[in-house]
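So for the sequence shown, this note's numbering puts the first residue at 52; every next one is plus one.
Where is the CB? At the ideal position from N, CA and C, for every residue including glycine.
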Amino acid sequence: MSNSISGSTFVDLNADGIHDPNEPVAAGTLVSILPDIGVVVSDQMGRYAVQAAPGAYVIEPVADPMVMSVSPPSHSAQLVLPTDMDSLNDFGLVLVPGVQDLRATVVMDYAWSGFATNVWVTVKNEGSTTVNASALLELDTLCAVITSDPAPTSVSGQTLEWSIGPMSAGQVFFAHLVVETMIVPFGTPVTHHAMAMPLAGDMDPSDNEDVHNDVVVGSYDPNDKTVLPVELSPSEVIDGHRVEYLIRFQNTGTFPAVDVVVTDTLDMALDITEIEVLAASHAMDWTVQGRLVGFVFNGIMLPDSASDGPGSNGFVLFSIALDDSVLNGDCVANMASIYFDFNEPILTEPAVVCVQEPTNMELLEKEDVVVYPQPARDR
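Put into structure tokens, the structure is as follows:
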């Protein structure tokens, strides 16, 4: 047994600092433990724990614009003996009231010519109030739906709509589609557009829409990591513009994978306190310890690709900001390790984002471009 620091995070509905039976946990809350340890994250039960060397520590949640106050603001821990455990570091989060904020994401594994692949749509209520929500997906005309779970409420051409109904704060809606891509020349563009409704009254309408851009392929590496955008200007870094990392994986073995674990050691140029998980293909827990981020798909039972091609795939999507110390000309490379059960990890190629001052020509091109609909995000 070794030293440890642990606690929990919850939504403090009555702001009394006590976790009452009717108050939900605050899963995915980043907690700072200093010195030396850095940031950890609470799990689906709102709990966090980390091993620690003997010493004195200060524990506090990382600042969040949706959180109005925290009770208590911080805890202190003093570990003396080798087996000391400090386990009552609980935090009640009082949310800013009445905030409407839906987020939509759409991800495709691959547009594989003539074959069935996956499209995933996620809508999350990131606000603090219940919203009567719906999800829209405009599927590329090159793709035909084979199955959808759940079935859409309505279909009009390539547009599918799901009437979600009341979504409480923190609730997530998830739709999984299996689609077939037409046999067309490799490199043909494929675009899917998702939207979370309503837009009216939303605190940040820009993340109510998401676009997934891809091209038709004939063969591919099924385990990869990509980043968008691949370039930011120094001013965008200072302004806190975020990048999105998409890690895709496929079980190409000969037997189902009981567990899948994806690990990612984040570069020092990435601000770990700004990480946010946007979507994943399956239920999972994620962890942060220092610079190491882990996405743990326990009990996923991922089929092998020979027995179930579409079902053998999965993904995780997260966003993060670059540290404002990153300078013009710097590039940040990150790769992921993907573990299927007890096998050796599969290492992805690095995903690289560079900081580059735009040229005069690029600035002129940006001024000439009009994006519709506005606002829109592109991936």
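Task: Sub-8 angstroms separation of S57 and N176 beta-carbons - done: no
TODO: Give the secondary structure of P240 by DSSP, where H, G and I count as helix, E and B as strand, and everything else as coil.
DONE: strand
- [ ] Measure how close the beta-carbons of Y323 and R293 come, nearest whole angstrom, since I'm counting them as under 8 angstroms.
- [x] Checking the sequence shown, residue 323 turns out to be Ile, not Tyr. With a Cβ gap of about 13 angstroms, I323 and R293 do not count as contacting.
TODO: Run the CB neighbour count on P123, radius 10 Å, all protein chains shown included, and call it buried at 16 or more, exposed below.
DONE: With a 10 Å radius around the Cβ and a threshold of 16 neighbouring Cβ atoms, P123 comes out exposed.
- [ ] Mark N73 as exposed unless 16 or more other C-beta atoms lie within 10 angstroms of its C-beta, in which case mark it buried.
- [x] So N73 counts as exposed.
Open item on the list: For T60, count the other beta carbons within 10 Å of its own beta carbon; 16 or more makes it buried, fewer makes it exposed. Which is it?
Closed with: buried
Task: For V267, the first and last residue of its enclosing beta strand (DSSP E) - done: Run containing V267: E260 to V268, per the beta strand (DSSP E) assignment.
- [ ] Pull up the DSSP beta-bridge partners for R299, would you.
- [x] D275 and F366
Open item on the list: Measuring alpha carbon to alpha carbon, tell me which residue in I88, V311, V92 and V118 is nearest V339.
Closed with: V92
Open item on the list: Residues in the same chain with beta-carbon distance under 6 angstroms from V62, minus the five sequence neighbours each way, listed in chain order, please.
Closed with: E74, P75, A77 and L144
Task: Given W337 as reference, the closest of V312, P361, G350 and D359 once Cα atoms are compared - done: V312
Task: Closest Cα partner of A188 within the set I351, T204, T180 and G178 - done: The sequence given here has Leu at residue 188, not Ala. Taking only the C-alpha atoms, the option nearest L188 is T204.
Task: Inter-residue spacing [alpha-carbon to alpha-carbon] between G304 and F348 - done: 17 angstroms
Open item on the list: Using a Cβ-based criterion (distance less than 7 angstroms to any ligand heavy atom), does V339 qualify as near the ligand GDP?
Closed with: Among the components modelled here there is no ligand, and therefore nothing to report on the ligand GDP.
Task: I371 versus P217: straight-line alpha-carbon distance, rounded - done: 29 angstroms
Task: Exposed unless 16 or more other CB atoms sit within 10 angstroms - verdict on P361 - done: buried
Task: Inter-residue CB distance, E282 and Q407 (contact presumed, cutoff 8 angstroms) - done: 5 angstroms
TODO: Please work out which residues of its chain come closer than 7 angstroms, Cβ to Cβ, to V375, disregarding the five sequence neighbours upstream and downstream, and give them in chain order.
DONE: What sits at residue 375 in the sequence shown is Asp, not Val. Excluding residues within five positions, the ones whose Cβ falls inside 7 angstroms are V288 and I289.
Open item on the list: Helix, strand or coil, according to DSSP, for I289 in the structure here?
Closed with: Three-state DSSP puts I289 in a helix.
- [ ] Have a look at L329 and V367 and give me their C-alpha separation to the nearest angstrom.
- [x] 8 angstroms
Open item on the list: Tell me the rounded alpha-carbon separation between A245 and V403.
Closed with: 26 angstroms
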